[in-house]
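J.:
In the working numbering, the protein residues as written are 49 to 370.
1) Only counting runs of 4 or more residues, tell me where the alpha helix (DSSP H) segments fall wholly within the stretch 261-307, in order along the chain.
2) Would you check if the distance between the CB atom of residue 354 and the CB atom of residue 117 is smaller than 8 Å?
3) If we count Cβ pairs, one from each stretch, closer than 8 Å, do we get three or more for the stretch 330-340 versus the stretch 282-289?
4) Would residue 232 be called buried (16 or more neighbouring beta carbons within 10 Å of its own) or exposed?
5) Using a 10 Å radius around the Cβ and a threshold of 16 neighbouring Cβ atoms, would you call residue 211 buried or exposed?
6) Taking the alpha-carbon positions, what's the residue 87 to residue 51 distance?
7) Count the other CB atoms within 10 Å of the CB of residue 128; is the residue buried (16 or more) or exposed (fewer)?
8) Per DSSP, what kind of secondary structure is residue 192 in: helix, strand or coil?
9) Alpha carbon to alpha carbon, what distance is there between residue 75 and residue 345?
10) Using a Cβ distance threshold of 8 Å, determine whether the stretch 252-264 contacts the stretch 184-196, with at least three qualifying pairs required.
11) Let's see if you can read the secondary structure: which residues bound the alpha helix (DSSP H) around residue 327?
12) Just to confirm the assignment, what range does the alpha helix (DSSP H) spanning residue 222 have?
13) Alpha carbon to alpha carbon, how far is residue 101 from residue 71? Give it in angstroms, no decimals.
14) What residue from 245, 362, 307 and 314 has the CA that sits closest to residue 321's CA?
15) When you compare the CB positions of residue 180 and residue 248, do they come within less than 8 Å of one another, or not?
16) Quick check: the Cα distance between residue 250 and residue 295, rounded to an integer number of angstroms?
17) Within a Cβ cutoff of 6 Å, which residues of the same chain sit near residue 202, ignoring the five residues on either side of it in sequence?
18) Report back the beta-carbon spacing between residue 136 and residue 176 to the nearest angstrom; my notes put them in contact at under 8 Å.
19) For residue 133, count neighbouring Cβ atoms within 10 angstroms of its own Cβ and tell me buried if that reaches 16, exposed if not.
20) Could you name the residues of the same chain whose beta carbon sits closer than 8 Å to that of residue 204, not counting the 5 residues immediately before and after it, in chain order?
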(Lines of atoms letter the chains of each structure in order from A and count residues from 1; the text may use other names and numbers.)
(Lines give C-alpha, C1' and ligand atoms only; values in the text may rest on other atoms or scores of the structure.)
Protein backbone atom coordinates (compact mmCIF):
# COMPACT_ATOMS: atom_id res chain seq x y z
CA UNK A 1 0.00 0.00 0.00
CA UNK A 2 2.84 2.39 0.86
CA UNK A 3 4.33 1.74 -2.57
CA UNK A 4 1.17 3.04 -4.26
CA UNK A 5 1.14 6.05 -1.94
CA UNK A 6 4.78 6.69 -2.84
CA UNK A 7 4.01 6.71 -6.56
CA UNK A 8 1.21 9.26 -6.15
CA UNK A 9 3.28 11.33 -3.73
CA UNK A 10 6.23 11.47 -6.13
CA UNK A 11 3.95 12.44 -9.03
CA UNK A 12 2.31 15.17 -6.94
CA UNK A 13 5.73 16.49 -5.94
CA UNK A 14 6.89 16.44 -9.57
CA UNK A 15 3.84 18.43 -10.69
CA UNK A 16 4.21 20.92 -7.82
CA UNK A 17 7.93 21.56 -8.35
CA UNK A 18 7.59 21.76 -12.15
CA UNK A 19 4.77 24.29 -11.71
CA UNK A 20 7.06 26.30 -9.43
CA UNK A 21 9.66 26.48 -12.19
CA UNK A 22 12.12 23.77 -11.16
CA UNK A 23 13.95 22.03 -14.00
CA UNK A 24 12.32 18.66 -14.70
CA UNK A 25 15.67 17.01 -15.50
CA UNK A 26 16.82 17.83 -11.97
CA UNK A 27 13.65 16.99 -10.06
CA UNK A 28 12.71 13.75 -11.87
CA UNK A 29 15.34 11.58 -10.14
CA UNK A 30 14.57 13.27 -6.83
CA UNK A 31 10.89 12.40 -7.16
CA UNK A 32 11.85 8.84 -8.08
CA UNK A 33 13.87 8.74 -4.86
CA UNK A 34 10.75 9.78 -2.95
CA UNK A 35 8.88 6.81 -4.42
CA UNK A 36 11.71 4.49 -3.37
CA UNK A 37 11.72 5.98 0.13
CA UNK A 38 8.13 4.84 0.67
CA UNK A 39 9.31 1.26 0.10
CA UNK A 40 12.32 1.55 2.38
CA UNK A 41 11.20 -1.46 4.41
CA UNK A 42 11.22 -3.75 1.37
CA UNK A 43 13.89 -2.13 -0.79
CA UNK A 44 17.25 -0.70 0.29
CA UNK A 45 17.29 2.94 -0.75
CA UNK A 46 20.67 3.42 -2.45
CA UNK A 47 20.75 -0.05 -3.99
CA UNK A 48 17.30 0.46 -5.47
CA UNK A 49 18.26 3.87 -6.80
CA UNK A 50 21.59 2.95 -8.40
CA UNK A 51 20.93 -0.69 -9.38
CA UNK A 52 17.26 -0.59 -10.39
CA UNK A 53 16.13 2.93 -11.23
CA UNK A 54 19.22 4.23 -13.04
CA UNK A 55 19.72 1.15 -15.29
CA UNK A 56 16.00 1.24 -16.14
CA UNK A 57 16.34 4.95 -16.92
CA UNK A 58 19.29 4.22 -19.20
CA UNK A 59 17.37 1.49 -21.00
CA UNK A 60 14.43 3.85 -21.47
CA UNK A 61 16.68 6.55 -22.93
CA UNK A 62 18.38 4.06 -25.25
CA UNK A 63 15.05 2.87 -26.64
CA UNK A 64 13.05 6.08 -26.95
CA UNK A 65 15.56 8.94 -27.14
CA UNK A 66 15.56 8.97 -30.99
CA UNK A 67 11.77 9.40 -30.98
CA UNK A 68 11.85 12.31 -28.54
CA UNK A 69 14.80 13.91 -30.35
CA UNK A 70 13.41 13.64 -33.88
CA UNK A 71 9.92 14.63 -32.76
CA UNK A 72 11.22 17.77 -31.05
CA UNK A 73 13.42 18.76 -34.00
CA UNK A 74 10.58 18.11 -36.45
CA UNK A 75 8.21 20.22 -34.39
CA UNK A 76 10.72 23.06 -34.11
CA UNK A 77 11.30 23.13 -37.87
CA UNK A 78 7.55 23.06 -38.52
CA UNK A 79 7.30 26.10 -36.27
CA UNK A 80 10.31 28.01 -37.63
CA UNK A 81 9.29 27.43 -41.26
CA UNK A 82 5.72 28.58 -40.64
CA UNK A 83 4.37 25.24 -41.88
CA UNK A 84 2.36 24.64 -38.71
CA UNK A 85 0.70 28.06 -39.00
CA UNK A 86 0.05 27.57 -42.73
CA UNK A 87 -1.81 24.32 -42.04
CA UNK A 88 -3.81 25.87 -39.21
CA UNK A 89 -4.80 28.90 -41.33
CA UNK A 90 -5.93 26.70 -44.22
CA UNK A 91 -8.10 24.51 -42.00
CA UNK A 92 -9.70 27.62 -40.52
CA UNK A 93 -10.48 28.88 -44.04
CA UNK A 94 -12.07 25.54 -44.94
CA UNK A 95 -14.10 25.12 -41.78
CA UNK A 96 -15.01 28.78 -41.38
CA UNK A 97 -14.46 31.22 -38.56
CA UNK A 98 -18.04 30.83 -37.38
CA UNK A 99 -17.16 27.28 -36.32
CA UNK A 100 -14.18 28.45 -34.33
CA UNK A 101 -14.05 25.55 -31.87
CA UNK A 102 -14.21 22.90 -34.59
CA UNK A 103 -11.55 24.72 -36.63
CA UNK A 104 -9.14 24.85 -33.69
CA UNK A 105 -9.71 21.21 -32.75
CA UNK A 106 -9.20 19.95 -36.32
CA UNK A 107 -6.09 22.09 -36.86
CA UNK A 108 -4.50 20.76 -33.67
CA UNK A 109 -5.54 17.19 -34.50
CA UNK A 110 -3.96 17.21 -37.96
CA UNK A 111 -0.70 18.68 -36.70
CA UNK A 112 -0.28 16.30 -33.76
CA UNK A 113 -1.33 13.27 -35.81
CA UNK A 114 1.43 14.21 -38.23
CA UNK A 115 4.06 14.13 -35.50
CA UNK A 116 4.28 17.80 -34.52
CA UNK A 117 4.95 18.29 -30.82
CA UNK A 118 1.86 19.38 -28.88
CA UNK A 119 3.89 22.26 -27.39
CA UNK A 120 4.62 23.58 -30.88
CA UNK A 121 0.97 23.09 -31.84
CA UNK A 122 -0.27 24.99 -28.80
CA UNK A 123 1.96 28.01 -29.44
CA UNK A 124 1.26 27.98 -33.19
CA UNK A 125 -2.51 27.66 -32.94
CA UNK A 126 -3.14 29.86 -29.90
CA UNK A 127 -2.95 33.25 -31.71
CA UNK A 128 -5.29 31.92 -34.41
CA UNK A 129 -7.65 30.50 -31.79
CA UNK A 130 -7.70 33.78 -29.87
CA UNK A 131 -8.64 35.71 -33.01
CA UNK A 132 -11.40 33.23 -33.95
CA UNK A 133 -12.84 33.08 -30.45
CA UNK A 134 -12.86 36.87 -30.20
CA UNK A 135 -14.76 37.22 -33.49
CA UNK A 136 -17.24 34.48 -32.53
CA UNK A 137 -17.59 35.87 -28.98
CA UNK A 138 -16.67 32.56 -27.38
CA UNK A 139 -15.11 32.84 -23.89
CA UNK A 140 -11.33 32.87 -23.99
CA UNK A 141 -11.21 30.39 -21.10
CA UNK A 142 -12.36 27.66 -23.51
CA UNK A 143 -9.30 28.01 -25.77
CA UNK A 144 -7.12 25.63 -23.68
CA UNK A 145 -9.90 23.03 -23.77
CA UNK A 146 -10.23 23.27 -27.56
CA UNK A 147 -6.46 23.02 -28.07
CA UNK A 148 -6.29 20.16 -25.58
CA UNK A 149 -9.05 18.19 -27.28
CA UNK A 150 -7.29 18.38 -30.63
CA UNK A 151 -3.74 17.96 -29.35
CA UNK A 152 -3.59 15.36 -26.62
CA UNK A 153 -6.66 13.17 -26.59
CA UNK A 154 -7.65 11.05 -29.59
CA UNK A 155 -4.56 11.85 -31.70
CA UNK A 156 -2.26 10.95 -28.82
CA UNK A 157 -3.56 7.54 -27.77
CA UNK A 158 -6.44 6.42 -29.99
CA UNK A 159 -6.02 7.05 -33.72
CA UNK A 160 -4.12 4.21 -35.44
CA UNK A 161 -0.76 5.32 -36.79
CA UNK A 162 -0.14 8.28 -34.51
CA UNK A 163 3.62 8.62 -33.88
CA UNK A 164 3.02 10.02 -30.39
CA UNK A 165 5.41 8.60 -27.81
CA UNK A 166 2.46 7.32 -25.77
CA UNK A 167 1.57 5.10 -28.72
CA UNK A 168 5.17 3.99 -29.25
CA UNK A 169 6.16 3.05 -25.68
CA UNK A 170 4.15 -0.24 -25.60
CA UNK A 171 5.69 -1.49 -28.88
CA UNK A 172 8.70 -3.41 -27.45
CA UNK A 173 6.53 -5.07 -24.81
CA UNK A 174 3.56 -6.16 -26.95
CA UNK A 175 5.50 -6.59 -30.24
CA UNK A 176 2.95 -4.46 -32.05
CA UNK A 177 3.09 -1.46 -34.37
CA UNK A 178 1.51 1.95 -33.99
CA UNK A 179 -1.35 0.63 -36.12
CA UNK A 180 -2.38 -1.98 -33.55
CA UNK A 181 -6.12 -2.42 -32.81
CA UNK A 182 -7.34 -0.01 -35.52
CA UNK A 183 -11.02 -0.78 -34.95
CA UNK A 184 -10.93 -0.11 -31.23
CA UNK A 185 -8.73 2.92 -31.79
CA UNK A 186 -11.12 4.48 -34.30
CA UNK A 187 -14.12 3.87 -32.05
CA UNK A 188 -12.28 5.42 -29.10
CA UNK A 189 -11.16 8.38 -31.22
CA UNK A 190 -14.70 9.08 -32.43
CA UNK A 191 -15.99 8.83 -28.86
CA UNK A 192 -13.33 11.22 -27.52
CA UNK A 193 -13.90 13.71 -30.34
CA UNK A 194 -17.71 13.59 -30.08
CA UNK A 195 -17.89 13.90 -26.30
CA UNK A 196 -15.24 16.62 -26.27
CA UNK A 197 -17.06 18.66 -28.91
CA UNK A 198 -20.36 18.12 -27.09
CA UNK A 199 -18.87 19.44 -23.86
CA UNK A 200 -17.32 22.46 -25.57
CA UNK A 201 -20.58 23.23 -27.39
CA UNK A 202 -22.57 23.07 -24.16
CA UNK A 203 -20.09 25.29 -22.34
CA UNK A 204 -20.28 27.81 -25.18
CA UNK A 205 -24.09 27.75 -25.18
CA UNK A 206 -24.19 28.18 -21.40
CA UNK A 207 -21.78 31.13 -21.61
CA UNK A 208 -23.85 32.84 -24.29
CA UNK A 209 -27.01 32.30 -22.30
CA UNK A 210 -25.33 33.99 -19.35
CA UNK A 211 -24.26 36.89 -21.59
CA UNK A 212 -20.57 35.98 -21.44
CA UNK A 213 -18.53 36.75 -24.54
CA UNK A 214 -14.82 36.65 -25.25
CA UNK A 215 -14.17 39.31 -22.65
CA UNK A 216 -11.60 42.07 -22.43
CA UNK A 217 -8.13 40.56 -22.31
CA UNK A 218 -4.64 41.83 -22.88
CA UNK A 219 -3.20 39.50 -25.49
CA UNK A 220 0.29 38.39 -24.49
CA UNK A 221 1.47 36.94 -27.79
CA UNK A 222 3.60 38.96 -30.18
CA UNK A 223 2.42 39.79 -33.67
CA UNK A 224 3.50 37.10 -36.15
CA UNK A 225 4.46 37.80 -39.75
CA UNK A 226 2.41 35.47 -41.93
CA UNK A 227 3.42 37.00 -45.26
CA UNK A 228 6.00 34.32 -46.10
CA UNK A 229 4.19 31.15 -45.11
CA UNK A 230 4.63 28.07 -47.32
CA UNK A 231 1.72 26.86 -49.41
CA UNK A 232 -0.68 24.44 -47.78
CA UNK A 233 0.60 21.50 -49.85
CA UNK A 234 4.24 22.29 -49.09
CA UNK A 235 3.43 22.64 -45.39
CA UNK A 236 1.47 19.40 -45.40
CA UNK A 237 4.13 17.39 -47.28
CA UNK A 238 6.30 16.56 -44.22
CA UNK A 239 3.23 15.38 -42.30
CA UNK A 240 2.15 13.20 -45.21
CA UNK A 241 5.67 11.76 -45.29
CA UNK A 242 5.55 10.89 -41.60
CA UNK A 243 2.19 9.14 -41.97
CA UNK A 244 2.87 7.45 -45.33
CA UNK A 245 6.49 6.38 -44.80
CA UNK A 246 5.68 5.12 -41.33
CA UNK A 247 3.09 2.77 -42.80
CA UNK A 248 5.26 1.63 -45.73
CA UNK A 249 8.36 1.06 -43.63
CA UNK A 250 6.58 -0.90 -40.90
CA UNK A 251 4.38 -2.99 -43.20
CA UNK A 252 6.49 -3.61 -46.30
CA UNK A 253 10.00 -2.14 -46.52
CA UNK A 254 11.70 -3.20 -43.28
CA UNK A 255 10.14 -6.70 -43.11
CA UNK A 256 11.30 -7.35 -46.69
CA UNK A 257 14.97 -7.40 -45.64
CA UNK A 258 16.88 -10.16 -43.88
CA UNK A 259 17.27 -9.37 -40.18
CA UNK A 260 18.71 -12.69 -39.03
CA UNK A 261 21.59 -10.83 -37.36
CA UNK A 262 19.15 -9.73 -34.66
CA UNK A 263 19.03 -13.32 -33.39
CA UNK A 264 22.73 -13.22 -32.42
CA UNK A 265 24.23 -12.38 -29.04
CA UNK A 266 25.81 -9.25 -30.50
CA UNK A 267 22.34 -7.77 -30.97
CA UNK A 268 20.98 -9.33 -27.76
CA UNK A 269 18.79 -11.86 -29.58
CA UNK A 270 16.14 -9.21 -30.10
CA UNK A 271 12.88 -10.02 -31.85
CA UNK A 272 12.31 -7.85 -34.94
CA UNK A 273 8.76 -7.17 -33.80
CA UNK A 274 10.13 -5.35 -30.75
CA UNK A 275 12.01 -2.79 -32.83
CA UNK A 276 10.21 -2.77 -36.18
CA UNK A 277 7.79 0.04 -35.40
CA UNK A 278 10.49 2.10 -33.65
CA UNK A 279 12.70 1.82 -36.74
CA UNK A 280 9.79 2.83 -38.95
CA UNK A 281 9.06 5.96 -36.92
CA UNK A 282 12.75 6.94 -36.91
CA UNK A 283 13.01 6.51 -40.68
CA UNK A 284 9.81 8.43 -41.38
CA UNK A 285 10.73 11.30 -39.07
CA UNK A 286 14.25 11.57 -40.51
CA UNK A 287 12.90 11.74 -44.06
CA UNK A 288 10.31 14.34 -43.07
CA UNK A 289 12.95 16.50 -41.34
CA UNK A 290 15.24 16.41 -44.40
CA UNK A 291 12.39 17.31 -46.77
CA UNK A 292 11.16 20.04 -44.42
CA UNK A 293 14.63 21.59 -44.18
CA UNK A 294 15.22 21.45 -47.95
CA UNK A 295 11.84 22.82 -49.02
CA UNK A 296 11.91 25.65 -46.46
CA UNK A 297 15.61 26.53 -46.45
CA UNK A 298 14.84 30.18 -47.26
CA UNK A 299 12.14 30.46 -44.58
CA UNK A 300 14.21 28.97 -41.75
CA UNK A 301 16.62 31.79 -40.95
CA UNK A 302 18.90 29.73 -38.69
CA UNK A 303 18.62 26.01 -39.44
CA UNK A 304 21.42 25.04 -37.08
CA UNK A 305 19.94 27.12 -34.28
CA UNK A 306 16.48 25.62 -34.81
CA UNK A 307 17.88 22.07 -34.68
CA UNK A 308 19.88 22.92 -31.54
CA UNK A 309 16.78 24.32 -29.83
CA UNK A 310 14.76 21.28 -30.84
CA UNK A 311 17.46 18.98 -29.48
CA UNK A 312 17.50 20.72 -26.11
CA UNK A 313 13.71 20.80 -26.11
CA UNK A 314 13.59 17.00 -26.36
CA UNK A 315 15.24 16.50 -22.97
CA UNK A 316 12.55 18.01 -20.76
CA UNK A 317 9.59 15.93 -21.99
CA UNK A 318 11.74 12.80 -21.95
CA UNK A 319 12.84 13.39 -18.36
CA UNK A 320 9.24 14.20 -17.44
CA UNK A 321 8.03 10.93 -18.97
CA UNK A 322 10.62 8.95 -17.03
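Note that the Cβ used here is the ideal one computed from N, Cα and C, for glycine as well.
T.: Let me spell this out:
1) 280-296
2) Taking the chain shown and counting its residues from 1, one reaches residue 354 at position 306. Taking the chain shown and counting its residues from 1, one reaches residue 117 at position 69. No, the pair does not count as a contact, with Cβ atoms beyond the cut-off.
3) yes
4) Position 184 of the chain shown, counting from 1, holds the residue named residue 232. Residue 232 comes out exposed.
5) Position 163 of the chain shown, counting from 1, holds the residue named residue 211. So residue 211 counts as buried.
6) Here residue 87 corresponds to residue number 39 of the chain shown, with the count starting at 1. Here residue 51 corresponds to residue number 3 of the chain shown, with the count starting at 1. So the alpha carbons of these two residues sit roughly 6 Å apart.
7) Counted from its first residue, the chain shown places residue 128 at position 80. Buried is the call here.
8) The residue you call residue 192 lines up with position 144 of the chain shown. Reduced to three states, the DSSP call for residue 192 is helix.
9) By 1-based counting over the chain shown, the position of residue 345 is 297. By 1-based counting over the chain shown, the position of residue 75 is 27. Cα-Cα distance, rounded: 38 Å.
10) yes
11) Numbered from its first residue, the chain shown carries residue 327 at position 279. 320-343 is the span of the alpha helix (DSSP H), which, as asked, contains residue 327.
12) Counting from 1 along the chain shown, the entry for residue 222 is found at position 174. Counting along the chain, the alpha helix (DSSP H) containing residue 222 begins and ends at 219-222.
13) As a working mapping, residue 71 is identified with position 23 in the chain shown. As a working mapping, residue 101 is identified with position 53 in the chain shown. Cα-Cα distance, rounded: 19 Å.
14) Position 273 of the chain shown holds residue 321. Looking at the Cα atoms, 307 is the closest of the given residues.
15) As a first step, residue 180 must be located in the chain shown, where it is residue number 132. As a first step, residue 248 must be located in the chain shown, where it is residue number 200. No, these two residues do not count as a Cβ contact at 8 Å.
16) Taking the first residue of the chain shown as position 1, residue 250 is located at position 202. Taking the first residue of the chain shown as position 1, residue 295 is located at position 247. Cα to Cα, residue 250 sits roughly 38 Å from residue 295.
17) Within the chain shown, numbered from 1, the residue matching residue 202 stands at position 154. So the qualifying residues of the chain are 237, 240 and 241.
18) Position 88 of the chain shown, counting from 1, holds the residue named residue 136. Position 128 of the chain shown, counting from 1, holds the residue named residue 176. Residue 136 to residue 176, Cβ: 5 Å. Contact.
19) Indexing the chain shown from 1 puts residue 133 at position 85. With 16 or more other Cβ atoms within 10 Å, it is buried.
20) Along the chain shown, one-based indexing puts residue 204 at 156. Counting only Cβ-Cβ distances below 8 Å, and skipping sequence neighbours, we find 160, 166, 210, 212, 214 and 215.
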